[in-house]
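Quick note: the sequence shown uses the numbering used here, first residue 51, plus one each step.
Below is one structure, written out as structure tokens; comments come after it.
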Amino acid sequence: MWLLAGTMALMHGGETWRLDAGDCLAMRVDGPVEFRNPTRRAARYAVVIANEAARVVRR
Numbered sequence: 051m052w053l054l055a056g057t058m059a060l061m062h063g064g065e066t067w068r069l070d071a072g073d074c075l076a077m078r079v080d081g082p083v084e085f086r087n088p089t090r091r092a093a094r095y096a097v098v099i100a101n102e103a104a105r106v107v108r109r
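Quick look at the structure:
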């Protein structure tokens, strides 16, 4: 998840991460994930999902 603007809290597996604009979080999603905006300001984020078959290709 890349946080483009604002602030978000992400909860997964008993852990909580607070992200501010410019932060990035990579994790294995093997259970429920909760996204919250703990502020009154709008937040924008991008999520990239890759399965286990995804790999880095170098040329």
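For every residue, glycine included, the Cβ atom is placed at its ideal position computed from N, Cα and C.
Local conformation of residue i per DSSP, three classes
i	result
V79	coil
A93	coil
Neighbour flag for residue i against chain B, beta carbons, 8 Å
i	result
R78	No chain B appears in the structure shown, which is made up of a single protein chain.
Whole-Å CB distance - residue i paired with residue j, under 8 Å assumed
i	j	result
A71	L53	6 Å
T57	P88	6 Å
A55	A93	6 Å
Status (buried if at least 16 other CB within 10 Å, exposed otherwise) for residue i
i	result
A100	exposed
Other residues of its chain near residue i: CB distance less than 8 Å, five sequence neighbours each side excluded
i	result
P82	H62
Chain-order list of residues whose beta-carbon lies under 6 Å from that of residue i (same chain, five-residue window excluded)
i	result
R113	Outside the modelled stretch of the chain, which goes from 51 to 109, sits residue 113, for which no answer is possible.
E84	M61
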